[in-house]
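Peer 1: Next up is a structure, given as structure tokens.
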Amino acid sequence: MKDILAPLGARAFHARQIMAWFYQRGVSDFSRMTDLSKGLRTALGKNFRADELLLMTERRSRDGSRKILLKTADRQLIESVLIPSRERLTACLSTQLGCKLNCGFCATGAMGLVRNLTAGEIADQLFHLQSMAGWQNRITNIVFMGMGEPMLNYDATLSAARLINSHLGFNIGARHITISTSGIVPGILRLMEEPEQFKLAISLSATTDAVRNKIMPVNKKYPLKELLTAAREFSNRKGKLVFFEYILLAGINDGLDDADRLAKLLKNIPGKVNLIPYNPGEKNGLFKPSPPQAQHAFFERLLQQGVAVTVRMSKGQDISAACGQLRAAAISKQT
Ligand code: SAH
Ligand code: SF4
């Protein structure tokens, strides 16, 4: 910020003032930054735009989660979700427009990759979500679990995560920022070397290479053994738990034999499993959600074997908050 402002004759303390207007008070309009001189405000307004994204729609689900659709300068649509729970307010951010990894259960995957989001576009989603929540009601947690694969847009994701983490930015602790990957091993190894304590989530969703190859083609490039070795290394190096996301799909990965294999695979990796009920979206015929009894049995089986496991109650199901679905709905309405 200092470097950007230097040509306008602004000083370091001006940069701090502007950061505070943005990230503490939620003001992005330079003309309202009343502790700056009139001349500087005019110069800023002439040279810069602080808002990247335009708010298009906002939807509220019965369970309280709220989803927004944002438009980029090149008229693409990004979605982001705000998920309140008892003691947290979590923002779910997108890192790419679409995704090339084509997981069979994912609406974003079906779109293919349009382009990477910039760091500004990633961070501006949070600005919009915070504005919607109200700036006195601060967002406490970030998950990069919206559209896209963060590890395939590593630099922009990390630079947004750092802005979110910075005490001059959104000031959210690194331990409250989770980067989720479908299993891009080089990304995991790179994140491991970063100084921050960002949390790592791995979308596992299968216990054999045969099944994982089918539902998550990224597994052909980075098979289970390599992926879990990287997870173990991450956990050792950082002294942190790794979070494993596991979508329960009826008849595909929800059997007790899967639960047993999962327990075995994760045996030496300090981590936690988060079971996710599959969200079928609007017209996805390939998979069915695992029935409640099967979900329960799977959960119990893991517990019995000493696996730390939670079930994510699918917040926002009625506004289709899983990956890419609101955007798909909005596009089909436009055309
Ligand atoms: N690309 C990254 C992050 C975005 S996907 C990744 O795959 O981890 C975020 C999460 O949404 C992943 O855990 C993914 O498995 C999950 N997901 C995708 N489609 C889903 C669906 N239809 N129902 C439930 N969860 C879904
Ligand atoms: Fe991409 Fe993640 Fe969706 Fe797979 S689940 S297609 S990696 S966004």
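In terms of the numbering used here, the sequence shown opens at residue 262 and continues consecutively. Glycine included, every Cβ here is placed at the ideal spot set by N, Cα and C. All values derive from a computational prediction rather than experimental measurement.
#1: Are the beta-carbon atoms belonging to Ile530 and Ser551 less than 8 Å from one another?
#2: So, using beta-carbon positions, are Ala352 and Ile403 closer together than 8 Å?
#3: Give the DSSP-derived three-state secondary structure of Pro531 in the structure shown.
#4: Under the rule that 16 or more other beta-carbon atoms within 10 Å means buried, what is Gly407, buried or exposed?
#5: Where does Ile445 land, buried or exposed, given buried means 16+ other C-beta within 10 angstroms?
#6: I'd like to confirm something about Glu410: is its beta-carbon nearer than 7 Å to some heavy atom of the ligand SAH, or not?
#7: Taking Leu485 as part of the alpha helix (DSSP H), name the residues at either end of that continuous run.
#8: Which residues share a DSSP beta bridge with Gln357?
#9: Between Ala437 and the rest of its own chain, which residues show a CB-CB distance below 7 Å, the 5 nearest in sequence each way excluded?
#10: Would the beta-carbon of Glu340 fall within 8 Å of that of Asp385?
#11: Taking a contact to mean a Cβ-Cβ separation below 8 Å, would you say Pro345 touches Ser322 in this structure?
#12: How long is the line joining the alpha carbons of Ala422 and Ile383, rounded to whole angstroms?
#13: Would the beta-carbon of Leu387 fall within 8 Å of that of Phe431?
#14: Counting only runs that start and end within the stretch 411-446, where is the beta strand (DSSP E) found for 3 or more residues in a row?
#15: What would DSSP say about Pro256, mapped onto helix, strand or coil?
#16: Relative to the C-alpha of Ile329, which residue among Gly365, Ser392 and Asn480 is closest?
#17: Going by DSSP in three states, Val400 sits in which element: helix, strand or coil?
#18: With DSSP as the reference, please indicate the residues paired to Ala352 in a beta bridge.
#19: Please name the residue or residues paired with Leu316 in a DSSP beta bridge.
Peer 2: In brief:
#1: Within the sequence shown, numbered from 1, the residue matching residue 530 stands at position 269. Within the sequence shown, numbered from 1, the residue matching residue 551 stands at position 290. Result no, Cβ atoms of Ile530 and Ser551 do not sit closer than 8 Å.
#2: Taking the first residue of the sequence shown as position 1, residue 352 is located at position 91. Taking the first residue of the sequence shown as position 1, residue 403 is located at position 142. Cβ distance < 8 Å, so Ala352 and Ile403 count as in contact.
#3: Taking the sequence shown and counting its residues from 1, one reaches residue 531 at position 270. Pro531 falls in the coil class under three-state DSSP.
#4: To locate residue 407, count along the sequence shown from 1; it is residue 146. Buried, by the Cβ-count rule.
#5: Mapped onto the sequence shown, residue 445 falls at position 184. Result: buried.
#6: For this step, residue 410 is matched to residue 149 along the sequence shown. It does: the Cβ of Glu410 is within 7 Å (strictly closer) of some heavy atom of the ligand SAH.
#7: Position 224 of the sequence shown, counted from the start, is the residue given in the question as residue 485. First-last of the alpha helix (DSSP H) with Leu485: Leu485 to Lys499.
#8: The residue labelled residue 357 in the question sits at position 96 within the sequence shown. DSSP lists Asn377 as partners of Gln357.
#9: In the sequence shown, the residue the question calls residue 437 occupies position 176. Contrary to the premise, residue 437 reads as His rather than Ala in this sequence. Contacts found: Thr401, Asn402 and Ile403.
#10: In the sequence shown, counting from the first residue as 1, residue 340 sits at position 79. In the sequence shown, counting from the first residue as 1, residue 385 sits at position 124. Contact: no.
#11: The residue you call residue 345 lines up with position 84 of the sequence shown. The residue you call residue 322 lines up with position 61 of the sequence shown. Against a cut-off of 8 Å, the Cβ pair of Ser322 and Pro345 comes out as no contact.
#12: By one-based count along the sequence shown, residue 422 stands at place 161. By one-based count along the sequence shown, residue 383 stands at place 122. Taking the straight line joining both Cα atoms gives about 9 Å.
#13: For the purposes of this step, residue 387 is identified with residue 126 of the sequence shown, where counting begins at 1. For the purposes of this step, residue 431 is identified with residue 170 of the sequence shown, where counting begins at 1. Their beta carbons are under 8 Å apart, which means Leu387 touches Phe431 by this criterion.
#14: 438-442
#15: Outside the modelled stretch of the chain, which goes from 262 to 596, sits residue 256, for which no answer is possible.
#16: Your numbering for residue 329 matches position 68 in the sequence shown. It is Ser392.
#17: The residue given as residue 400 occupies position 139 in the sequence shown. One point to set straight first is that residue 400 is Ile, not Val, in the sequence displayed. Residue state, collapsed to three classes: coil.
#18: Taking the first residue of the sequence shown as 1, we reach residue 352 at position 91. Answer is Leu343 and Ile403.
#19: In the sequence shown, counting from the first residue as 1, residue 316 sits at position 55. In DSSP, Leu316 forms a bridge with Leu331.
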